Amino acid sequence: MAGFAKVILTAILVVTVFVVFTNFVLFFPWYMTLAYETYNLATVAANYNYLPRDEKEFVLNNLKSKPIFKECPDKIKISSDHEGEYSYDYYKDLDNSLKPYVQRGETFYVEIRAAFPFKIELAGAERCIEYEISFRLPVTGIRYYKDLE
Numbered sequence: 430m431a432g433f434a435k436v437i438l439t440a441i442l443v444v445t446v447f448v449v450f451t452n453f454v455l456f457f458p459w460y461m462t463l464a465y466e467t468y469n470l471a472t473v474a475a476n477y478n479y480l481p482r483d484e485k486e487f488v489l490n491n492l493k494s495k496p497i498f499k500e501c502p503d504k505i506k507i508s509s510d511h512e513g514e515y516s517y518d519y520y521k522d523l524d525n526s527l528k529p530y531v532q533r534g535e536t537f538y539v540e541i542r543a544a545f546p547f548k549i550e551l552a553g554a555e556r557c558i559e560y561e562i563s564f565r566l567p568v569t570g571i572r573y574y575k576d577l578e
């Protein structure tokens with residue numbers, strides 16, 4: 430009887446290791462997509478010295494249409510220290526404290542948070558654990574604004 434129990438335990442462990450390995454094989458492309466999109470968004474934000482809303486919405490919609498990101502679309506969050514809804518022309522006559530952009534050389538952050546669905550099927554029932562993971566990059570503004578002097 431002890432031998433039979435060892436065989437069952439070994440089979441359960443092998444299946445569990447296989448399922449965990451399969452999930453981690455899917456995790457690395459998912460994480461690299463998260464890093465790639467954060468890098469692209471940080472590049473755009475560095476050009477404007479703030480994160481424009483339309484770029485943020487574009488990346489958010491793009492991520493929500495990707496295969497693994499589709500499973501937890503409400504968990505995808507994009508944030509930045511400096512975000513703006515309008516173009517430079519709207520902000521140029523406002524007070525400096527109300528402007529979303531910073532001067533050239535100042536640093537701010539761009540971050541994308543998402544949840545990776547870790548799925549395991551046990552006894553015919555699927556269990557899903559969502560791991561919230563973020564990728565954050567520091568961004569240094571490269572544009573010089575005369576109205577911030």
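Numbering of the sequence shown is given in our numbering, commencing with residue 430 and proceeding in unit increments. In this text, a Cβ means the ideal position worked out from N, Cα and C, and glycines have one as well. Remember, it's a predicted structure, so these values are computed and weren't measured experimentally.
Quick one: Cα of F487 to Cα of P496, how far? The straight-line gap from Cα to Cα measures roughly 17 Å.
Could you tell me if E466 is buried or exposed, where buried requires 16 or more neighbouring beta carbons within 10 angstroms of its beta carbon? Of the other Cβ atoms in all chains shown, 16 or more fall within 10 Å of the Cβ of E466; this residue is therefore buried.
Measure the Cβ-Cβ separation of I541 and I507 and say whether it is below 8 Å. Contact flag set, yes.
Where DSSP assigns a beta bridge to F545, which residues make up the other side? Per DSSP, the beta-bridge partners of F545 are Y560.
First and last residue of the uninterrupted beta strand (DSSP E) at K493: Unbroken run through K493 is the alpha helix (DSSP H), 482-493; no beta strand (DSSP E).
Taking the straight line between their C-alpha atoms, what separation do you get for Y538 and I437? The straight-line gap separating the alpha-carbon atoms of Y538 and I437 is approximately 50 Å.
Would you mind working out which of T462, R533, V473, V446 sits nearest G570, comparing C-alpha positions? Scanning T462, R533, V473, V446 for the CA closest to the CA of G570 turns up R533.
I'd like the ranges of any alpha helix (DSSP H) spanning at least 4 consecutive residues and lying wholly in the stretch 430-482. The qualifying runs are 431-477.
From the DSSP secondary-structure annotation, give me the bridge partner or partners of R533. As computed with DSSP, R533 is found in no beta bridge at all.
For V448 versus I558, is the C-beta distance shorter than 8 Å? Taking 8 Å as the Cβ cut-off, V448 and I558 do not qualify as a contacting pair.
In chain order, what residues of the same chain lie with their CB nearer than 6 Å to the CB of L470, ignoring the 5 residues before and after it? The answer, listed in chain order, is V488, V539.
So, with DSSP's three-state summary, where would you put P502? It is helical.
Which whole-angstrom value is the C-beta distance of L463 and F564, which I expect to be below 8 Å? Rounded, the Cβ-Cβ distance is 5 Å, consistent with contact.
If N478 and F547 are in contact, beta carbons under 8 Å, what's the gap, nearest whole angstrom? That belief does not hold up - the Cβ atoms of N478 and F547 are roughly 38 Å apart, past 8 Å.
Where I571 falls: helix, strand or coil (DSSP): DSSP places I571 outside both helix and strand once states are collapsed to three, so it counts as coil.
Answer with buried or exposed for K435, where buried requires no fewer than 16 other C-beta atoms within 10 angstroms of its C-beta. Classification for K435: exposed.
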